[in-house]
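The sequence shown maps to residues 4 to 198 in our numbering.
Built from N, CA and C at the ideal position, the CB exists for glycine as well.
Here the structure is a predicted model, which is why all the values come from computation and not from measurement.
Right, one structure below, let's go through it.
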Amino acid sequence: RPGKGPEHTDLLFAFPRPRVAIGLPLGLLVEASWVPPVRLNGVKADLFGVSIARSFGLGAGGTVLAFRGHTTLGTIRAPITCDEEAILDSGSECFGQPVSNDRFRPNIFGGDVTLGFQVANGALRPYVGGGLNVLHPRFVVSSTLQKVEVNLTRGVLFGGVGWAPTAGLELAGEVYSAPADAVTGRVTVRYEFRE
């Protein structure tokens with residue numbers, strides 16, 4: 004629209020998302036994560052994610068095939084339509100308005116398949132995978148209560164490598180892509196508590 008500047012959807016370069024994984028009988032692994040509602044750079048997220056996975060060894064050599072289902076639900080509040088810069092810009096429709104506190108709900112449901120390997124005696128663990136995400140995002144503009152609702156289905160591709168310098172500790176990097184939308188990077192640190 005004339006006079007409307009860009010939406011601000013990249014307010015945080017990165018944020019931590021702590022996860023807890025618990026092994027269950029039948030080789031199932033359940034993971035849960037939560038981003039607590041703490042405001043950071045104008046963004047206040049209250050997100051909960053859960054997944055359940057099952058892995059299968061494919062013979063000698065440490066090759067593993069894993070299937071996973073996952074969901075991410077919750078709310079993100081942020082000044083997406085009218086941030087501090089926009090309310091000071093006399094050419095913007097946000098000029099003189101209060102900073103917005105727009106609401107976004109990701110509503111993500113999906114499944115994926117991963118093929119992983121072990122090299123260097125298990126110290127390096129490269130993997131590749133793909134899957135399908137069903138997205139039902141909901142966005143509400145705080146000043147007008149205008150709603151934007153879409154239903155999408157997106158294929159995803161990902162790959163990465165984990166490094167296990169010691170028993171129980173793994174550092175990993177991953178590239179995750181929904182080719183129709185975006186590419187993201189992820190860095191993880193995992194520690195396994197053993198009895």
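By DSSP, does P182 sit in helix, in strand, or in coil? coil
Assuming S199 and A69 make a contact with CB atoms under 8 angstroms, what is their CB distance in whole Å? Residue numbering for the chain in the displayed model covers 4 to 198; residue 199 lies beyond these limits and cannot be assessed.
N-terminal and C-terminal residue of the alpha helix (DSSP H) that E88 is part of: E87 to I90
Where do the N-terminal and C-terminal ends of the beta strand (DSSP E) with L24 fall, by residue? In the sequence as presented, Leu is not what sits at residue 24; that position holds Ala. It spans R22 to G26 - the beta strand (DSSP E) in which A24 sits, taken as one unbroken run.
Ordered list of alpha helix (DSSP H) runs contained in the segment 68-111, each at least 4 residues: 87-90
Mind checking which residues open and close the beta strand (DSSP E) that includes E195? Here E195 belongs to no beta strand (DSSP E), and DSSP marks it neither H nor E.
Using DSSP bridges, identify the partner residues of F120. Answer is none; F120 lacks a bridge partner.
Flag this pair as touching only if the segment 143-150 and the segment 161-171 have three or more C-beta atom pairs under 8 angstroms; answer yes or no. no
Could you say if the segment 133-140 and the segment 90-98 meet the contact criterion of at least three C-beta pairs nearer than 8 angstroms? No: the two stretches stay apart, fewer than three of their Cβ pairs being nearer than 8 angstroms.
For the beta strand (DSSP E) holding A126, just list the boundary residues, first then last. A126 -> no beta strand (DSSP E), and no H or E assigned at all.
Measure the alpha-carbon distance for V102 versus Q121 and round it to whole angstroms. 50 angstroms
Using a 10 Å radius around the Cβ and a threshold of 16 neighbouring Cβ atoms, would you call T191 buried or exposed? exposed
Do G77 and V67 come within 7 angstroms of each other at the CB atom, strictly closer than that value? no
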